[in-house]
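Colleague: Every letter in the sequence shown is one number past the one before it in full-length UniProt numbering, and letter 46, counting from 1, is 46.
Below you'll find the structure I mean.
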Amino acid sequence: MNIVNSIFTNNTAYNYGGSIFNGVNGTYNIDNMSISSNVMNGNRAGLGNEVYNMGNITVLNLTYLANTTIKVKNGNNILLFVNLTDDIGNLITGQNISFYVNGIFIGNGTVIEGKVNLTYRVNNNPGIVPVSGTYGRQ
């Protein structure tokens, strides 16, 4: 299913997905749903004011640490953060994001309104260390 160039304004859902709900074993669990160029304003839900996803959605942006380099010291605790949005910045809720530091899994968290945070104790040698991850059912 493709949802393109739609406008969602002031919708309310009691539980999930103020604009779009893609749920496992639900009416709208669509394998490979694609959403793009949709405007979402003033929508409300218990979880997922804009998009609540428990299925598969393509065209998402997963951004770690705001795509920046952060200087840290060995032994310090730092807050790793990620943002998950669609192509124009609408927030995604649902499922997990896994965090990897230098290719090693360090934890995961559930996406709520496009955000996941994880505290990490730095234990790497000096140098640039990549932070990456995955999104989806895990």
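Using N, Cα and C, we set each Cβ at its ideal position, and we do this for glycine too.
This one's a predicted model, so the numbers in the text were calculated from it and none came from an experiment.
Run through DSSP, which three-state label would Asn-49 get?
Modeller: To locate residue 49, count along the sequence shown from 1; it is residue 49. Here Asn-49 carries a coil assignment [DSSP, helix/strand/coil].
Colleague: For Tyr-120, which of Asn-108, Ile-112, Asn-5, Ile-78 has the nearest alpha-carbon?
Modeller: The count along the sequence shown starts at 1 and reaches residue 120 at position 120. Measuring C-alpha to C-alpha distances from Tyr-120 to each of Asn-108, Ile-112, Asn-5, Ile-78 identifies Ile-78 as the nearest.
Colleague: With a floor of 3 residues, list each beta strand (DSSP E) that falls wholly inside the stretch 36–122, ordered by position along the chain.
Modeller: 39–41, 44–47, 51–53, 60–64, 77–86, 96–101, 104–110, 115–121
Colleague: DSSP three-state call for Ile-128: helix, strand or coil?
Modeller: Residue mapping note: residue 128 aligns to position 128 of the sequence shown, counting from 1. Here Ile-128 sits in coil by DSSP.
Colleague: Which same chain residues, not among the five before or five after Val-82, have their C-beta less than 6 Å away from its C-beta?
Modeller: Against the sequence shown, residue 82 aligns to sequence position 82. The answer, listed in chain order, is Tyr-64, Ile-97, Val-116.
Colleague: Apart from the five residues on each side of it in sequence, which residues of its chain come closer than 8 Å, Cβ to Cβ, to Gly-136?
Modeller: Reading the sequence shown from its first residue, position 136 is the one you call residue 136. Counting only Cβ-Cβ distances below 8 Å, and skipping sequence neighbours, we find Asn-56, Gln-95, Asn-96.
Colleague: For Ile-20, which residues in the same chain have their Cβ closer than 6 Å to its Cβ, ignoring the five residues on either side in sequence?
Modeller: Within the sequence shown, numbered from 1, the residue matching residue 20 stands at position 20. Apart from sequence neighbours up to five positions away, the residues of its chain that approach Ile-20 with a beta-carbon distance below 6 Å are Val-51, ordered along the chain.
Colleague: Can Leu-91 and Gly-114 be called in contact, C-beta distance under 7 Å?
Modeller: Taking the sequence shown and counting its residues from 1, the one referred to as residue 91 is at position 91. Taking the sequence shown and counting its residues from 1, the one referred to as residue 114 is at position 114. Yes; because the gap between Cβ atoms is below 7 Å, this pair is in contact.
Colleague: If you count every other CB in all the chains shown that lies within 10 Å of the CB of Thr-12, and 16 or more means buried, which is it?
Modeller: Position 12 of the sequence shown, counted from the start, is the residue given in the question as residue 12. So Thr-12 counts as exposed.
Colleague: Find the nearest neighbour of Ser-132 within the set Gly-89, Leu-62, Val-122, judged by alpha-carbon distance.
Modeller: By one-based count along the sequence shown, residue 132 stands at place 132. Comparing Cα positions, the closest option is Leu-62.
Colleague: Return yes when the Cβ of Gly-18 is within less than 7 Å of the Cβ of Asn-43, no when it is not.
Modeller: In the sequence shown, the residue the question calls residue 43 occupies position 43. In the sequence shown, the residue the question calls residue 18 occupies position 18. Yes, these two residues count as a Cβ contact at 7 Å.
Colleague: Taking the alpha carbon of Met-54 as the point to measure from, which residue in Thr-9, Met-33, Ala-66 has its own alpha carbon closest?
Modeller: Along the sequence shown, read from residue 1 onward, the residue named residue 54 stands at position 54. Nearest C-alpha to Met-54: Met-33.
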